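If you read the sequences in order, they're chains A and B.
Every number in our numbering is 831 more than the matching position in the first sequence, counting from 1.
Every number in our numbering is 831 more than the matching position in the second sequence, counting from 1.
Beta carbons are placed, not taken as given, at the ideal position from N, Cα and C, and that holds for glycine.
Given the structure is predicted, the values throughout are model-derived calculations rather than measurements.
Before any comments, here is the structure.
2 protein chains.
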Amino acid sequence: MRLIVARCSAQYSGRLDTFLPEALRLLMFKEDGSVLIHADAGGYKPLNWMTPPTVIEQTGDLPTRIVVRKHAGKTEDRLEITLAEVLSDVSHDMGAPDSDAALNKDGVEAHLQELLAEQPHHCGEGLRLVRREWPTDIGPVDLMCRDADDEWVAVEIKRTATIESVEQITRYMERLKADPQFATCRAVLAAQSIKPQARVLAQSRGIACVEVDLAVLRGEREPELRLFAA
Amino acid sequence: MRLIVARCSAQYSGRLDTFLPEALRLLMFKEDGSVLIHADAGGYKPLNWMTPPTVIEQTGDLPTRIVVRKHAGKTEDRLEITLAEVLSDVSHDMGAPDSDAALNKDGVEAHLQELLAEQPHHCGEGLRLVRREWPTDIGPVDLMCRDADDEWVAVEIKRTATIESVEQITRYMERLKADPQFATCRAVLAAQSIKPQARVLAQSRGIACVEVDLAVLRGEREPELRLFAA
DNA sequence: AATTGTATATCGTCC
DNA sequence: GGACGATGTACAATT
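And the structure:
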């Protein structure tokens, strides 16, 4: 990794065109060809960047101009950095790419779907799973189940359910009900948390809402204890 | 800005929980409280991060543990970094935050809307613009036009049109048609590119789809200096 | 503070 | 390789 602190300006052309006026910034060149220009504020996002694969050219002994190129489909993405003053320029050998260990996430939507597929009764009393990722031509329904009366139940799973989640399951229902066999199919929206407006909209469309608790699904916590939690 | 290259591990808990095993990484502490952990590969995105405002605590003379806290609504976001070996630890004074100049963009959706407002016939033969940002109580319609037969046409503009775009214009149409004068109003979805599923959904709802080309729109314009201007 | 809409979104996954 | 959905989306503008 090469880190340059420099007064610089930059021009990007690709999906759009940008111009970055001259100021003091951090330039980051990763081993895989990633290039990032960061200001000393503004959080997460670089001002400009290029994702790999890239080709990097440097003009001048002291770096005065750096051009980063990338083939993006038919067109070429291009980031041109002009350095007016270099305050620091250091490189660090950070080892082989595979020496880096991957980030381990817990609590994403996929986990929730796995757990609910194993315990569909949390989405509604007496539910049995028929299929995960039930295909429709506008995308898959997360869980397709049958209830105690053998009626179809479509379940949409979200970490956080919003109005958009209600729109999504509404679209699926629209699509499913084109087939007479699903004429009486019910809809369930299951999420760790459901926004108030989403709940209202779901209610008005006859879509059931279920809030589920990851810890309960995992059996790490008794459902009863939840009554006393916040 | 403080830059630390170190063998480190990290734990984040907040919207989800993550664990980052020990490896050599770059830690970036911006003046505004932003904290980023970058690997020497992987592009744009930090492995872990915290956006401002944050509170940063450091334990030990030589940094051995750094805890970044942030109040995110009711809960607290927390990033804990454990440093096993510090290879480099430098700070750079990059000047006042306002000394940084903002990025100037050209070619975003707003520009597309400007161009189509000037040349509405690209959204459909014989279209004349009546008003940009036609207000409804659920948000503005991008362009409101009339066609050769003096019928109303509502145009939604996107850089990339997705199913969500179809939902959006559908909501507007629903709202407009509550007023008898728009009973026969047609809908057009104009975008640089339209996703196949969006096209399917639009078709099934009687919404016309038009793909427009920014270069063509610009080519027909007078040679005017728009690049990088506001 | 909460909601909405855009993004050079980025990133995985599945077809 | 293209398309689609999730993301700690981030982020800005608006209510």
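Take A:Ala903, set aside five residues on each side of it, and the residues of its chain with a beta-carbon closer than 7 Å to its own are Gly845, in chain order. Taking a C-beta distance under 8 Å as the contact criterion, B:Ile1038 and B:Val986 do not qualify as a contact pair. Membership of B:Met1004 in the alpha helix (DSSP H) is indicated by the continuous run 994-1007. Beta-carbon to beta-carbon, A:Asn935 and B:Phe850 are separated by about 5 Å, close enough to satisfy the 8 Å threshold. Nearest CB-CB separation between A:Val997 and chain B: not below the 8 Å threshold. Contact annotation: in the segment 1023-1051 of chain A, no residue has its CB less than 7 Å from a CB in chain B.
Distance from the CA of B:Val972 to the CA of B:Ala1009, rounded to the nearest whole angstrom, comes to 15 Å. Following the DSSP letters along the chain, one finds B:Leu834 inside the beta strand (DSSP E) bounded by residues 833-844. Residues of the segment 833-849 of chain A whose Cβ lies closer than 7 Å to any Cβ of chain B, in chain order: Leu834, Val836, Leu847, Asp848, Thr849. For a Cβ distance threshold of 8 Å, residue set Arg846, Leu847, Asp848 of chain A lies close to B:Gly938, ordered along the chain. Along the segment 909-932 of chain A, going in chain order, the ones with a CB nearer than 9 Å to a CB of chain B are Leu918, Ser919, Val921, His923, Asp924, Met925, Gly926, Pro928, Ser930, Asp931, Ala932.
Going by C-alpha positions, A:Leu858 is about 23 Å away from B:Asp937. Chain-ordered, the chain A residues with CB closer than 7 Å to the CB of B:Gly874 read Ser865, Thr882, Pro883. In this chain, B:Ala870 is not harboured by any beta strand (DSSP E), its DSSP state being neither H nor E. Using a CB distance cut-off of 8 Å, B:Lys861 counts as an interface residue toward chain A. The C-beta distance from B:Pro877 to B:Ile887 rounds to 16 Å, too long to meet the 8 Å contact threshold.
In the DSSP assignment, A:Ala1029 falls within the alpha helix (DSSP H) that extends over 1027-1035. A Cβ-Cβ separation of about 19 Å leaves A:Pro1011 out of contact with A:Cys976 under the 8 Å criterion. Boundaries of the beta strand (DSSP E) around B:Glu964: 959-967.
Per DSSP, the continuous alpha helix (DSSP H) segment holding B:Val1047 begins and ends at 1045-1050.
With 16 or more other Cβ atoms from the protein chains shown falling within 10 Å of its own Cβ, B:Ala837 counts as buried. In the assembly as shown, A:Lys989 is a buried residue. Its beta-carbon has 16 or more other beta-carbons within 10 Å. For A:Ala870, the closest alpha carbon among the candidates A:Pro883, A:Thr885, A:Ser840 is that of A:Ser840.
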